[in-house]
Amino acid sequence: MLLKIGIKRELSCVHTPLQNGVFGRKHRHIVEMALTLMINNGVPKHLWVEAFTTAVYLINRFLFSIMNMQYPFSSLFGHDTFQGEITTLSETSDWGGRHFLVGDHRRQEWHSRKALSCHTPFQ
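Residues 160 to 282, numbered by the working numbering, are exactly what the sequence shown covers, in order.
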């Protein structure tokens, strides 16, 4: 099934860094991007999962010249667009910014908090 969409399985030997170079670079790219997002936005360490998820989300939406200026997501799934998802970074909200959750006001007392402040991942 993977060969039909152009994915080739490649095995490498254990403890041979020369063979694991491509995967190491990809992993380092994801880690560096996630840590940069966290440091630049002052996001707490316990939100590291959201930072890595956001980094992978963004990387899958970058154009790559090695792939004839295609998105990795598009080349894998054969879609020209993300089918209703955000397609440009200008349409995204600030990652790690302060957002507010508003509760159901009908169930609250007059003196209770109207909204909770929280950090949210990229949406």
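Quick reminder that beta carbons are idealized off the backbone N, C-alpha and C, glycines included.
No experiment lies behind these values; they were computed from the predicted model shown.
Inset, instruction - Could you tell me whether the stretch 182 to 189 touches the stretch 203 to 222, where touching means 3 or more Cβ pairs closer than 8 Å? - result: yes
Inset, instruction - Pull up the distance between the alpha-carbon of Ala193 and that of Trp207, whole angstroms please. - result: 8 Å
Legend entry - Euclidean distance between Cα positions of Asn200 and Glu209: 13 Å
Legend entry - Span of the alpha helix (DSSP H) around Leu217: 207 to 218
Legend entry - Three-state secondary structure assigned by DSSP to Phe221: coil
Legend entry - Environment of Leu196 [buried if 16+ CB atoms lie within 10 Å]: buried
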